[in-house]
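Heads up, the thing below is written out as structure tokens.
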Amino acid sequence: MFDTILRELQTNFITQVAFVISLAVLGIGITYAALKPRMFLLMVKNLRRNLVRTTLTFLATAVLVFMIVMIWTVINFIEDTTRDKAADFKVIITERWTIPSQMPPSYANIFSPVAINPDGTYRTNPDGSLQKNPSFILDPENNPDAKGIDIGSKDFMLWCFYGGSTEKGKFSRESIVFFFAMIPDQIKGMMAELDTLPDELIDKMKKTPDGCLLGKEKLESLNLKVGDSFRVYSLNYKDVDLSFTVVGKLPEGRYNTSAIMNYSYFNNALDQYYQTNKRYHPMHDKRINLIWLRVRDKDTFAKVGQILENHPQVKTPTVKVESESSGIGAFLDAYKDILNGVKYLLVPAVLISMALVIANAISISVRERRTEMAVLKVLGYRPGQIMNLVLGESLLVGAVSGFLASLAAIVIFNVFLGGIQFQIAFFPAFTVPPTALFWGIAMGSATAFLGSIVPSLTARSVKVSEVFSKVA
Amino acid sequence: MLFYILIPLFVALALLVVVSIGTAFTAVAFSFMPFHKVPLRYNLRNLQVRWKTTLVTALAFTLVTALLVIMLAFVRGMDRVTQSSAIPGNVIVLADGATDETFSNIANPSVQLFPDDVQKSIQKITRTQGGKKVREFLLSREVYVLVSHIVKQHDDGGRKRRFIQMRGISDPEISSQVHEVSLASGSWWSASGVRSVPDPAGSSDAKIEVLEVVLGDGIARILASDLGKKELAPGDIVQIGPNTCVVAGVMNPKGSYGSEVWGRDTQIQQIFNRGNRFSSFVLRTADDETGAEVAAKLKKLASEKYNASTETEYYKRLEGSSSVFRVAIWFLGAVMAVGGVLGVTNTMFAAISQRAKDIGVLRLLGYTRFQILCSFLMESILIALIGGILGCAVGYLFNGMTATSIASGGQGGGKSVVLQLVVDLAVMGPALLLALVMGAVGGFIPSINAMRLRPLESLR
Chain A
1122 MFDTILRELQ TNFITQVAFV ISLAVLGIGI TYAALKPRMF LLMVKNLRRN
1172 LVRTTLTFLA TAVLVFMIVM IWTVINFIED TTRDKAADFK VIITERWTIP
1222 SQMPPSYANI FSPVAINPDG TYRTNPDGSL QKNPSFILDP ENNPDAKGID
1272 IGSKDFMLWC FYGGSTEKGK FSRESIVFFF AMIPDQIKGM MAELDTLPDE
1322 LIDKMKKTPD GCLLGKEKLE SLNLKVGDSF RVYSLNYKDV DLSFTVVGKL
1372 PEGRYNTSAI MNYSYFNNAL DQYYQTNKRY HPMHDKRINL IWLRVRDKDT
1422 FAKVGQILEN HPQVKTPTVK VESESSGIGA FLDAYKDILN GVKYLLVPAV
1472 LISMALVIAN AISISVRERR TEMAVLKVLG YRPGQIMNLV LGESLLVGAV
1522 SGFLASLAAI VIFNVFLGGI QFQIAFFPAF TVPPTALFWG IAMGSATAFL
1572 GSIVPSLTAR SVKVSEVFSK VA
Chain B
28 MLFYILIPLF VALALLVVVS IGTAFTAVAF SFMPFHKVPL RYNLRNLQVR
78 WKTTLVTALA FTLVTALLVI MLAFVRGMDR VTQSSAIPGN VIVLADGATD
128 ETFSNIANPS VQLFPDDVQK SIQKITRTQG GKKVREFLLS REVYVLVSHI
178 VKQHDDGGRK RRFIQMRGIS DPEISSQVHE VSLASGSWWS ASGVRSVPDP
228 AGSSDAKIEV LEVVLGDGIA RILASDLGKK ELAPGDIVQI GPNTCVVAGV
278 MNPKGSYGSE VWGRDTQIQQ IFNRGNRFSS FVLRTADDET GAEVAAKLKK
328 LASEKYNAST ETEYYKRLEG SSSVFRVAIW FLGAVMAVGG VLGVTNTMFA
378 AISQRAKDIG VLRLLGYTRF QILCSFLMES ILIALIGGIL GCAVGYLFNG
428 MTATSIASGG QGGGKSVVLQ LVVDLAVMGP ALLLALVMGA VGGFIPSINA
478 MRLRPLESLR
């Protein structure tokens, strides 16, 4: 968790601003409470006096902060995913001009640093180590331009998409399943958030040709558990229907609706089709959908792109090389207007709404307490102190409600609901990050401050003579 | 555990909302009856005197209503696009198992192999070919490709890309009749589908062969803005994916086809390595009932298995994403409404505590508790009405704005659509209603408090 917080603080501007505001509010608050405990207690007592108003303001702020945390979780995740990373720079190789990307199996042999057997498994040396691929296009021995690129066996992954239904001829949410056909050794290390997958599960996948890993929601929708077998009638590989055995469950989160199968099993099925029908399946030379490589940095990525996009061996079809963030960004381009609308219209409007609610409540409070403020002035309190009193009350309500609302969002969504269940493109659910606590405090405090500036200035300028002449 | 805590809370909230709305209806009805009641002038005057508080509270309603109007207008725009794409009587035929044209791959359909009753159900047009009148089936063969299009080259080597939908069709005249598409400007492409034009990058004498395309109105606007132009006209040269293209024509607005680029099927099959395969074919029957029968028969053909449905059903499935957005919008609207409700409750509590003497006087004048309740509830609803109307007005400013989205059935695939936000009564009505409900719910408990004030105590 601390690693996540640290990474967010290093890369995310909004989180940085929220962190600074939260620290400032907490620091000022704690310092004020320590140096002027009586004033702080007076603030708390004032809030307690009209509990109904304080509760209503608190609840209104909390509800709106909760909503913004929900929305910002989605926006933040998408922005983070489409932002180029400084480290763990992943590159996607796909067919250059069309979707879906469909590349021939020979490309696996060109782009893999490890030699691949015809059946789709990694080739090993007698001592068990993985064998180097002599045809690897980015090996400096084959291509001097590739000097310094350094792609190892753990820096490569290929994806083939195999989809179908567990009910023949019927395609519904409950029966559809889409598999990533992958080489098991590639799962850990290249798939985000799958580093915690036990090695035993990977070994099980290697030893069980028809083995598959399913996400939690996919298991539930197909009514399966680990150890069960099922059959899939293919959607995109017509007449290549396959049976599977569930060997394990994928971690909860972004893979809830995903499924992974063995690339070798998939390859063998297409070979079997050829042997049975005496002709290649129409998708035989279109089976590879994505190839991933991990490179050191952006400069290496640019170098890889230059080599691959112009290479004579990569002509049918030509490929494009893009960063993971850019590739995902292209898919999300269709949602750009929605996301911009949410970011630049909805969120600011809700923040203004929060400020208005607080401004209203504090204005009413100041209006009702004019006599009290006049008395405080008579007792020797300076205008600045009275202004701080009003600001402090507002900040206290704002900061506490913001913090509690974001905490509630983290608990409700992450613990009880498995994330915010809202499908955008291929992201099925979104986890509220721990840094949402900073967002909550910052939002609550900032809107409270903005909403109470005018009322606090009004309180500061209460004229004693005017108030008491009215009273008289 | 959370479920058992939240259920009673939701039930209590639901009861509060129902009772508040019921009481509000009564209060509004009451205000129009010729009974002895607290004059509405009293409430209006109070709103005027405390105009700052009224304005701030109403602004909160304005924001909620405006946001809801804009979001609902977006979804309405999406629905309009998908609904106007569907022609009653059209049957769209994909490969067996495919639910989307992106993943569909079929051979050139031979209508003569269809059963006789299916052939009879397909409408025909009469054309003159070689001086003879020929009757031809209204059947449009189409190859659909999603092209990865580079928008601009960034300095750091990264490229911005978007997906453009290209549709190759064999006979523009037939396809335009099947899809009821017409041209706003220009013409359809030549028989070959390519044209010789001066090389934009070469000398004035050099010529290149470019693909002739017809653009949907929406994609024409987007491609024009990429080039810094207001609109694209016939004759303009534009790069789409790997192809240099010349704009032969631009379509009139027509549903999801407004987001597409059309060209000669053979050219598109060749460029994108599709062989002689198609993605779909669409045929025209008399009506949806006939279309459904034809679709059912096509699904059972022995020669080739198809997945066929009427266009009405097909585009209805694409409204799946609209439904998801609609649920999300109302959820967000409800959450924002809670904030607004709490805000107006605060205002009304303060108003009532400041006007306790007024209430005492009203009671002494003979007004009943119920009349007091209705009066203050009306005041809350009036604030909501002012804010709601302003919100609708602000939301209306977004009417006609262009946006992009994806229409999808949620099972993979989907169509990128260019839509226009539609702000009409169907959008403003529910938003205004929500504002009024917020006013009713927010003002209910303070009004109950006002109703319970004892005259003598309030005057003390």
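Just so you know, the sequences run in chain order A and B.
The first sequence runs 1122 to 1593 under the working numbering.
The second sequence runs 28 to 487 under the working numbering.
Where a beta carbon is used, it is the ideal one built from N, C-alpha and C, also for glycine.
Chain order gives the chain B residues near A:A1181 as G366, L369 and G370, where near means a beta carbon separation below 7 Å. For the 9 Å CB-CB criterion, B:L400 and B:I475 form a contact.
DSSP places A:F1140 in the helix class (H, G or I) of the three-state scheme. Each residue's CA atom was taken as its position, placing A:S1527 and A:A1557 some 6 Å apart.
Taking the Cα of A:K1370 as reference, the smallest distance to any Cα among A:L1356, A:V1347, A:S1385 and A:L1391 is reached at A:V1347. At a Cβ-Cβ threshold of 9 Å, B:V46 and A:N1481 do not count as neighbours. Under the three-state reduction of DSSP output, B:P225 falls in the strand class. Measuring C-alpha to C-alpha distances from B:I191 to each of A:A1455, A:V1165 and A:L1429 identifies A:A1455 as the nearest. Those residues of the region 1366 to 1397 of chain A placed with their C-beta closer than 8 Å to a C-beta in chain B do not exist.
Look at B:S443 here: in three-state DSSP terms it is strand. In this structure, the CA atom of B:A122 is about 51 Å from the CA atom of B:G367. Annotated three-state conformation of A:R1170 is helix, per DSSP. Per the Cβ contact rule, the region 297 to 314 of chain B is not in contact with the region 242 to 262 of chain B (fewer than 3 Cβ pairs under 8 Å). For A:I1485, the uninterrupted alpha helix (DSSP H) run begins and ends at V1468 to E1489, by DSSP. Counted as a single uninterrupted DSSP element, the beta strand (DSSP E) harbouring B:R154 occupies residues K151 to Q156. Counting of Cβ neighbours within 10 angstroms places A:G1565 among the buried residues, the total reaching 16 or more.
Residues of the region 1548 to 1564 of chain A that bring their beta carbon within less than 7 Å of a beta carbon in chain B are absent altogether. Annotation for B:G104: A430, L446, Q447, L448 and V449 place their beta carbon closer than 8 Å to its own, counting only its chain and skipping 5 residues before and after. For B:D123, a Cβ of chain A is located within less than 9 Å of the residue's own Cβ. In the three-state reduction of the DSSP assignment, B:H176 falls in the strand class, which pools E and B. Collapsing the DSSP output to three states places A:K1407 in a helix. Here the alpha carbon of B:M375 sits roughly 6 Å from the alpha carbon of B:P473. Within the model, the alpha-carbon separation for B:R382 versus A:I1485 is close to 13 Å. In this structure, DSSP gives A:N1254 a state outside helix and strand, which the three-state scheme calls coil.
Under DSSP, no beta-bridge partner is assigned to B:C419. The three-state reading of DSSP puts A:G1332 in strand, counting E and B together. In the DSSP annotation of this structure, the continuous segment of the alpha helix (DSSP H) that includes B:N73 starts and ends at L67 to V76.
A:P1549 counts as buried, since at least 16 other C-beta atoms from the protein chains shown sit within 10 angstroms of its C-beta.
For A:E1443, at least one C-beta of chain B is nearer than 9 Å to its own C-beta.
Distance from the Cα of A:I1409 is smallest, within the candidate group A:E1216, A:T1203 and A:T1182, for A:E1216. Using beta-carbon distances, B:R194 does not count as an interface residue toward chain A, since no partner is under 9 Å. For a cut-off of 8 Å, the C-beta gap from B:E128 to B:Y171 is around 4 Å, short enough to register as a contact. For the region 1196 to 1277 of chain A, the full-length alpha helix (DSSP H) segments reaching 4 residues or more read 1227 to 1232 along the chain. Identification of chain A residues near B:G268 by a Cβ-Cβ cut-off of 8 Å yields W1218 and T1219, ordered along the chain. Cβ-Cβ separation between B:P261 and B:G276: approximately 6 Å, consistent with a contact (criterion under 8 Å).
The beta carbon of B:Q381 sits closer than 9 Å to some beta carbon of chain A.
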